[in-house]
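Last residue of the sequence shown: 405 in my numbering, with the numbers rising by one and none dropped. We put the CB at the ideal spot given by N, CA and C, even for glycine. Take a look at the structure set out below.
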Amino acid sequence: MSCKQTTIGAPIRFSGKGLHTGAIVTMEVLPAEADRGIVFRRVDIKGQPEVPALAQFVTDTARGTTIKQGKAKVSTIEHLMASLWTMGVDNAVVEIDAPEVPIMDGSAKAYVAEIARVGIVELEAERRYFEVPEKVTFAIEKRGVEIVVEPAEEYSVDLTADYSSQVVGRQFAHYDKSVDFAAEIAPCRTFVFLHEIELLLRLGLIKGGSVESAIVVVEKPISERSKRHICKVFKKENIEVENGYLNHLELRFPNEIARHKLLDILGDLALLGVRIKGKVTALRPGHLANTQMAARLAKLMASQQGQ
Ligand SMILES: [Zn+2]
């Protein structure tokens with residue numbers, strides 16, 4: 099395994115819709131020098147302000163992770179972060195002309211394909227690691243959320259997704275360096291519960307475009323009227339509920355939801371900015387808990403360096 103820092107072999111470009119605005123976003127990921135880390139640059143703003151992808155710059159975790167420094171604000175960075183970091187990219191500058199990363203197909207499939215195409219190049223500097231010195235826990239007790247990070251030679255993540263949902267059930271997913279991230283985790287898409295979006299859809303507050311690539315979980319029976327409305331929103335002739343999921347798309351894995359949560363936490367913990375030597379166990383994690391844990395590890399790392 100390489101102990102040198104890396105960057106991508108050539109610039110890569112993406113364009114797609116932003117989840118919130120629905121506007122077309124263009125994003126270019128450029129090679130960068132050692133110790134630059136992953137940095138986002140807003141090229142649509144005068145002076146092209148930058149924000150480093152680090153836990154200390156997280157300002158919002160509702161429906162995605164947002165970082166902000168001065169005027170440079172970028173949302174929904176987690177799938178791109180997971181792809182760069184887990185594919186082995188330590189340094190890159192992400193130029194973007196909008197306040198959010200394009201949602202693509204709701205997964206990281208397009209990102210990993212492009213990173214794999216241009217490859218990775220080694221830089222002179224040594225890669226930096228954080229050896230987790232002791233057990234660190236972050237919990238949100240009333241929501242049954244808990245993330246534990248313990249000392250270990252290798253980075254691994256064990257994740258349990260549980261929404262007290264009859265449809266989703268309790269799902270598990272695992273990552274360590276023997277797992278083929280690009281094939282097994284990156285293609286897993288984001289998901290929503292229909293009852294959470296039904297009212298918003300009815301009021302026209304969200305458009306089909308922003309959810310048509312998401313897995314939709316249908317916990318409660320839906321009326322014919324509701325079904326007709328959903329067909330219209332998703333621009334489909336017919337949509338049925340199959341085993342609790344809307345059949346506008348086919349699941350890529352039976353536990354695609356847990357695998358997607360794994361994708362999210364890999365992206366959020368990358369906000370530590372260095373590689374983690376530790377074993378992560380996450381129960382019902384979300385962006386808030388993930389980024390709080392990254393911030394906690396960053397603090398611990400800073401206090402060690404200060405000694
Ligand atoms: Zn996600």
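Helix, strand or coil for Ile-355 per DSSP?
Under the three-state reduction of DSSP output, Ile-355 falls in the helix class.
Short check: CB of Arg-394 to CB of Phe-236, under 8 Å?
yes
What residue range does the beta strand (DSSP E) around Glu-296 cover?
That residue, Glu-296, is in no beta strand (DSSP E); its alpha helix (DSSP H) goes 292-300.
With a cut-off of 5 Å, give the chain-ordered residues whose Cβ is closer than this to any heavy atom of ligand 1.
Thr-288, Asp-362
Per DSSP, which one or two residues make a beta bridge with Ala-170?
Gln-167
If I measure Cβ to Cβ from Ala-223 and keep anything under 8 Å in the same chain, skipping five residues before and after, which residues do I get?
Lys-102, Gln-103, Ala-132, Asp-133
Considering only the alpha carbon of each residue, which of Gly-162, Tyr-227, Thr-159, Gln-146 lies closest to Trp-183?
Tyr-227
Whole runs of the beta strand (DSSP E) within the segment 123-195, excluding any shorter than 3 residues
136-140, 148-150, 156-158, 164-167, 170-172, 190-194
Rounded to whole angstroms, what is the Cα-Cα separation between Thr-163 and Glu-176?
6 Å
Excluding the five sequence neighbours on either side, which residues of its own chain have a C-beta within less than 8 Å of the C-beta of Ala-170, listed in chain order?
Phe-138, Arg-139, Arg-140, Ile-143, Pro-147, Glu-148, Val-149
For the beta strand (DSSP E) containing Ile-245, list its first residue and its last residue.
243-249
Terminal residues of the continuous alpha helix (DSSP H) containing Ser-205?
Looking at the DSSP string, Ser-205 is not in any alpha helix (DSSP H), and its letter there is neither H nor E.
Go through its chain and collect everything with a Cβ distance to Ile-245's Cβ below 6 Å, but skip five positions before and after it.
Phe-236, Ala-380, Pro-383, Ala-387, Met-391
Going by CA-CA distance only, name the one from Arg-161, Arg-111, Thr-157, Phe-112 that's closest to His-118.
Arg-161
Would the C-beta of Arg-373 count as close to ligand 2, meaning under 7 Å from any of its heavy atoms?
Annotation note on ligand 2: not contained in the displayed structure, which lists ligand 1 as its ligands.
Glu-198: first and last residue of the uninterrupted beta strand (DSSP E) it sits in
Here Glu-198 belongs to no beta strand (DSSP E), and DSSP marks it neither H nor E.
Rounded C-beta distance between Thr-206 and Ile-355? I'm assuming under 8 Å.
The amino acid at residue 206 is misidentified as Thr; the sequence shows Ala. Actually they are not in contact, since the Cβ atoms of Ala-206 and Ile-355 sit about 15 Å apart, beyond 8 Å.
Please name the residue in Phe-279, Arg-287, Ile-283, His-327 whose C-alpha comes closest to that of Leu-298.
His-327
Nearest to Val-247 by CA position, among Lys-377, Met-399, Gly-404, Leu-301, is which residue?
Lys-377
Residue range of the alpha helix (DSSP H) that Gln-403 falls in?
385-403
Do you know whose CA, among Lys-240, Arg-357, Asn-189, lies nearest Arg-373's CA?
Asn-189
Phe-279, buried or exposed, once every other Cβ within 10 Å from all chains shown has been counted against 16
buried
Buried versus exposed, by CB contacts within 10 Å (16 or more), Asn-353
Classified as buried, Asn-353 has 16 or more neighbouring CB atoms from the shown chains inside 10 Å of its CB.
Indicate whether the contact test is met: 3 or more Cβ pairs, each with one atom in the segment 339-354 and one in the segment 311-320, closer than 8 Å.
The segment 339-354 vs the segment 311-320: in contact.
For Val-265, which residues of its own chain have a beta-carbon under 8 Å away from its beta-carbon, when the five flanking residues on both sides are left out?
Closer than 8 Å at Cβ, skipping near neighbours: Val-315, Val-316, Glu-317, Asn-341, Gly-342, Tyr-343.
Please report the residue range of the beta strand (DSSP E) in which Phe-279 lies.
From DSSP, Phe-279 is part of no beta strand (DSSP E) but of the alpha helix (DSSP H) over 279-282.
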